[in-house]
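The sequence shown begins at 1 in the UniProt record's numbering and counts up by one.
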Amino acid sequence: MANHPLYQPLWDDHAALLADRRALLARLISPASIESAQRLLDCRTVADDAIGDQEAIGVLIGDELVRAAGFEWATVDDDYGSEPVVAHPSKMAVIASLSAVTNRFEDGDIPFDIQGFIEEALAIIQETETSDRNTRE
Numbered sequence: 001m002a003n004h005p006l007y008q009p010l011w012d013d014h015a016a017l018l019a020d021r022r023a024l025l026a027r028l029i030s031p032a033s034i035e036s037a038q039r040l041l042d043c044r045t046v047a048d049d050a051i052g053d054q055e056a057i058g059v060l061i062g063d064e065l066v067r068a069a070g071f072e073w074a075t076v077d078d079d080y081g082s083e084p085v086v087a088h089p090s091k092m093a094v095i096a097s098l099s100a101v102t103n104r105f106e107d108g109d110i111p112f113d114i115q116g117f118i119e120e121a122l123a124i125i126q127e128t129e130t131s132d133r134n135t136r137e
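As structure tokens, this is what we get:
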């Protein structure tokens with residue numbers, strides 16, 4: 001992935017964090033799936049202070065966006081700090097899925113619809129593609 005003003009190639013420490021969170025998720029649920037993670041949220045199994053567990057669900061969401069829509073893991077580094085994100089390689093779309101989940105816990109917005117979150121992200125990409133096509137025509 002080329003450098004981009006919003007993001008850059010995934011840093012090694014962020015790649016290690018993603019691997020750690022995937023391993024944590026595998027210990028929490030098996031198989032690691034959207035449906036299993038949703039059950040964790042619905043049953044309120046993940047504690048408000050269990051940041052690692054929350055981030056593990058964020059990694060699962062990011063991995064699904066990579067699989068379903070060609071996103072790639074990248075790093076955002078800005079005035080607020082750095083974090084792993086999923087970025088679409090050809091669209092102006094960056095999603096901080098780990099922060100999205102932890103922020104929902106902070107805000108008390110739990111449970112939330114994981115599949116709905118993913119579908120919203122995919123819809124934004126579709127809208128961007130439609131808008132790009134219409135601009136070129």
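Note that beta-carbon positions come from the ideal geometry of N, C-alpha and C, so glycine has one too.
Owing to the predicted nature of the structure, the values given are computational and were not obtained by experimental measurement.
Which listed residue (the options) has its alpha carbon closest to that of residue i
{"i": "P111", "options": "A37, A68 and L28", "result": "A37"}
{"i": "V94", "options": "F71, G108 and Q115", "result": "F71"}
{"i": "A16", "options": "G108, V59, E106 and I29", "result": "V59"}
{"i": "I69", "options": "A121, E35 and L25", "result": "Going by the sequence as given, residue 69 is Ala instead of Ile. Ranking A121, E35 and L25 by Cα distance to A69 puts A121 first."}
Pairwise C-alpha distance: residue j and residue i
{"i": "R67", "j": "C43", "result": "27 Å"}
{"i": "I118", "j": "E64", "result": "8 Å"}
{"i": "G62", "j": "W73", "result": "8 Å"}
{"i": "V86", "j": "D12", "result": "15 Å"}
{"i": "R27", "j": "A50", "result": "14 Å"}
{"i": "R21", "j": "P31", "result": "15 Å"}
{"i": "S99", "j": "E55", "result": "7 Å"}
Three-way DSSP call (helix, strand, coil) for residue i in this model
{"i": "P34", "result": "It should be noted that the sequence gives Ile, not Pro, for residue 34. Helix, per DSSP."}
{"i": "T102", "result": "helix"}
{"i": "I110", "result": "coil"}
Run of the beta strand (DSSP E) containing residue i, from where it starts to where it stops
{"i": "D77", "result": "E72 to D78"}
{"i": "V86", "result": "G81 to A87"}
Contact belief for residue i with residue j at Cβ below 8 Å, rounded distance in angstroms
{"i": "E106", "j": "A96", "result": "At roughly 14 Å, the Cβ-Cβ gap does not stay under 8 Å, so E106 and A96 are not in contact."}
Unbroken alpha helix (DSSP H) run spanning residue i, endpoints
{"i": "V59", "result": "I51 to A69"}
{"i": "R22", "result": "D12 to L28"}
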